[in-house]
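Line by line, the protein sequences are chains A and B.
Going by my numbering, the first sequence opens with residue 682, and the numbers climb by one from there.
Going by my numbering, the second sequence opens with residue 682, and the numbers climb by one from there.
All residues carry an ideal CB built from backbone N, CA and C; glycine is no exception.
Comments concern the structure below.
Number of protein chains: 2
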Amino acid sequence: MTGAGLERLSLNTATVKRATLGEAVDVAARAGYGAVGLWRDRVEEAGVAPTARIVRDAGLRVSSLCRGGFLTASTDDGVRAALDDNRRAIDDAAAVGTTELVMVVGGLPASGEPGGPPREGAAPGDRDVVAARARVADRLADLAPHAADAGVRLALEPLHPMFAADRAVISTLAQALDLAAPHPADVVGVVVDTYHVWWDPALETSVARAGAERRIASYQVCDWNLPLAADPLLSRGYPGDGYVDFPAITRLVADAGYDGDVECEIFHADVWATPAADVARIVAERYATHVAPHLTRG
Amino acid sequence: MTGAGLERLSLNTATVKRATLGEAVDVAARAGYGAVGLWRDRVEEAGVAPTARIVRDAGLRVSSLCRGGFLTASTDDGVRAALDDNRRAIDDAAAVGTTELVMVVGGLPASGEPGGPPREGAAPGDRDVVAARARVADRLADLAPHAADAGVRLALEPLHPMFAADRAVISTLAQALDLAAPHPADVVGVVVDTYHVWWDPALETSVARAGAERRIASYQVCDWNLPLAADPLLSRGYPGDGYVDFPAITRLVADAGYDGDVECEIFHADVWATPAADVARIVAERYATHVAPHLTRG
């Protein structure tokens with residue numbers, strides 16, 4: 682099935698975490714994918730300009746750059762650092778050739794932390810989640826002009842509510858759309874990641890709204906497996922292994938008018954231990970079985 | 682501080698899991714609590730009539746019986762078994778002297794399972810969460826007349842979305858209120874448990890709605906600790922140890938007009954290993970510090 686019907690499929694480099702950028706691009710291209718989704722660690726290793734060339738030479742698109750965000754800092758230094766880092770991420774997204782910068786907006790600032798990604802074992806500090814969300818809105822307003830100038834969309838990713846304390850105070854699509862609302866649809870959008878949103882009782886309404894507002898920046902497919910891994914961040918599965926209803930959610934996304942790339946991003950120790958070419962093949966098979974048949978607008 | 686200002690505080694027997702019913706009631710009464718929340722395992726051990734007598738003789742109320750639910754079975758046998766069990770739970774609630782039966786409505790039926798509490802390691806079966814929610818609505822309609830006759834309210838507990846696959850397809854207060862809407866407020870209500878709802882971006886709106894509809898059946902306080910325990914069900918903490926903003930949420934509940942008991946239900950291996958009298962004292966101190974000062978309507 683190599684190549685057949687995979688033109689919208691994108692391999693996220695985090696799914697083949699141990700591969701270099703070149704290796705990840707190579708296995709995706711050989712398996713017939715249309716695109717790759719890039720994490721910044723791989724881009725930084727290879728360099729921005731070489732990354733763009735490697736992907737282009739393989740005949741692939743960049744579906745998104747992951748990630749900007751961590752916008753909840755409450756100190757002046759933390760805010761300045763977050764804005765600097767996100768402006769660099771916006772520039773990098775444009776330079777590697779994608780319009781979509783995935784934003785993981787950050788959790789509650791831990792005790793004594795200036796913001797930024799969570800530190801293992803950090804104590805609870807600020808508990809005001811309502812104020813943290815307001816700071817995210819303020820930082821989006823700060824960043825939107827730079828994003829618009831660069832032709833890059835800030836793609837807000839609601840994370841599963843189990844990450845609300847330490848990773849993302851955006852927990853639902855409706856909330857992401859409310860935060861995007863003050864901005865043009867090509868400047869602030871939303872990510873629909875099945876792992877994070879499958880449980881949402883408002884999913885049908887929110888996906889339709891996201892489509893009507895033309896804000897769906899990325900559709901990401903990954904399954905919800907049980908039991909949760911000791912680190913729940915590493916608890917994702919190949920589509921078909923867990924509890925997510927891929928046909929139903931894919932039809933919602935298609936009916937909302939989304940016709941962009943479908944990225945597969947899996948964090949899982951077993952997947953990372955598998956040779957990258959095998960992972961690319963398995964993902965392609967699962968996509969062809971559980972997702973692709975439902976991508977046609979009903 | 683024994684007894685001072687603790688008249689609305691209720692000790693859930695699950696918090697002192699290794700205590701017998703008599704021991705749990707005794708430590709709650711000695712610490713000055715006004716009530717106890719009962720799990721059915723302790724009631725079954727002691728017997729229904731003796732349970733009512735033990736609590737009454739200690740001068741306490743029963744704030745709730747936990748739990749009915751597991752209503753998502755899709756087979757005739759599974760539905761019949763669920764209805765039988767829930768009618769017994771309704772009768773037991775009335776007999777032990779509470780009007781509130783906490784309902785954990787059940788997750789997706791596992792492969793080959795007739796429904797009921799999750800079995801460790803069960804494979805994914807039915808993935809249609811929308812249909813599972815519709816079956817919950819049907820079962821509530823089946824049970825409502827029996828509950829009304831018994832003077833017992835079915836108190837729908839939204840569980841944190843990380844339990845949506847295996848324990849409760851009700852994940853938000855708004856969704857619980859929508860399911861309650863066809864029924865009188867004294868027949869179907871909702872539980873506000875901080876552990877399960879603290880992350881919800883619609884929390885303020887939903888708590889206010891629950892109050893306006895007079896459906897708040899129980900306010901339960903328990904903290905969200907990180908990192909999650911290997912079994913996330915056992916990841917709760919004493920109020921003040923984690924990320925929950927107790928003053929803010931308690932004020933929402935008070936402003937919504939709730940004037941009932943405040944139950945503390947903690948599942949945590951360290952808490953269970955602590956002598957019950959010490960647990961009761963610690964919970965009372967945390968309640969007095971983080972919760973009670975904010976229970977006055979603002």
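- In this structure, the alpha-carbon of residue 728 of chain A lies about 10 angstroms from that of residue 773 of chain A.
- Between the alpha carbons of residue 843 of chain A and residue 790 of chain B lies a distance of about 22 angstroms.
- Within the segment 925–951 of chain A, those residues whose Cβ lies closer than 8 angstroms to any Cβ of chain B are, in chain order, 925, 926 and 929.
- Think of a sphere of 9 angstroms around the beta carbon of residue 835 of chain B: no beta carbon from chain A falls inside it, the nearest being about 18 angstroms out.
- 788 and 789: these are the residues of the segment 770–789 of chain B whose beta carbon lies less than 9 angstroms from some beta carbon of chain A, given in chain order.
- Under the 7 angstroms criterion on CB atoms, residue 847 of chain B is classed as interfacial with respect to chain A.
- Among the residues of the segment 848–875 of chain A, those with a Cβ less than 7 angstroms away from any Cβ of chain B are 852, 853 and 856, in the order of the chain.
- Close partners of residue 911 of chain B in chain A (Cβ separation under 8 angstroms): 911.
- Counted as a single uninterrupted DSSP element, the alpha helix (DSSP H) harbouring residue 812 of chain A occupies residues 810–831.
- The bridge partners DSSP lists for residue 784 of chain B are B:749 and B:837.
- Residue ranges of uninterrupted alpha helix (DSSP H) with 4 or more members, entirely inside the segment 927–962 of chain A and ordered along the chain, are 927–936 and 950–953.
- By the C-beta density criterion, residue 956 of chain B is exposed, having fewer than 16 other C-beta atoms within 10 angstroms.
- For a cut-off of 8 angstroms, the C-beta gap from residue 703 of chain A to residue 745 of chain A is around 19 angstroms, too long to register as a contact.
- A distance below 6 angstroms between beta-carbons, with the five flanking residues on each side excluded, links residue 829 of chain A to the following residues of its chain, in chain order: 868.
- According to the DSSP assignment, residue 719 of chain B belongs to no alpha helix (DSSP H) but to the beta strand (DSSP E) extending over 716–720.
- Residue 892 of chain B sits in a helix when the DSSP states are folded into three classes.
- Distances from the CA of residue 904 of chain B to each of B:711, B:968 and B:941 were compared; the closest alpha carbon is that of B:968.
- Annotation: the continuous alpha helix (DSSP H) that includes residue 735 of chain A extends over 729–738.
- For residue 874 of chain A, the enclosing beta strand (DSSP E) stretches over residues 869–874.
- Of all residues in the segment 809–821 of chain A, those with a C-beta nearer than 8 angstroms to a C-beta of chain B are 809, 810, 811 and 814, reading in chain order.
- For residue 966 of chain A against residue 695 of chain A, the beta-carbon gap comes to about 19 angstroms, at or over 8 angstroms, which does not count as contact.
- Annotation for residue 902 of chain A: the continuous beta strand (DSSP E) segment containing it runs 897–902.
- Ranked by Cα distance from residue 815 of chain B, the options B:752, B:827 and B:836 are led by B:752.
- Distance from the CA of residue 715 of chain A to the CA of residue 879 of chain A, rounded to the nearest whole angstrom, comes to 25 angstroms.
- Per DSSP, the continuous beta strand (DSSP E) segment holding residue 690 of chain A begins and ends at 690–693.
- Annotated as distal: residue 836 of chain B and residue 778 of chain B, with beta-carbon spacing of 7 angstroms or more.
- Note on geometry: alpha-carbon atoms of residue 960 of chain A and residue 970 of chain B lie some 52 angstroms from one another.
- For residue 914 of chain B, not one C-beta of chain A is nearer than 7 angstroms to its own C-beta.
- Rounded to whole angstroms, the separation of the alpha carbons of residue 741 of chain A and residue 924 of chain B is 43 angstroms.
- Taking C-beta atoms under 8 angstroms as the contact rule, residue 888 of chain B and residue 833 of chain B fail to qualify, at a distance of about 23 angstroms.
- With a cut-off of 8 angstroms on Cβ pairs, the segment 855–872 of chain B is not in contact with the segment 905–919 of chain B, counting fewer than three such pairs.
- Taking 7 angstroms as the CB threshold, residue 752 of chain B stays off the interface with chain A.
- For residue 907 of chain B, at least one C-beta of chain A is nearer than 7 angstroms to its own C-beta.
- Secondary structure note for residue 700 of chain B: it is in no alpha helix (DSSP H), with a DSSP letter that is neither H nor E.
- When 9 angstroms is used as the limit between beta carbons, residue 827 of chain A is near no residue of chain B, the shortest such separation being about 26 angstroms.
- Contact annotation: residue 936 of chain B and residue 978 of chain B have beta-carbon atoms nearer than 7 angstroms.
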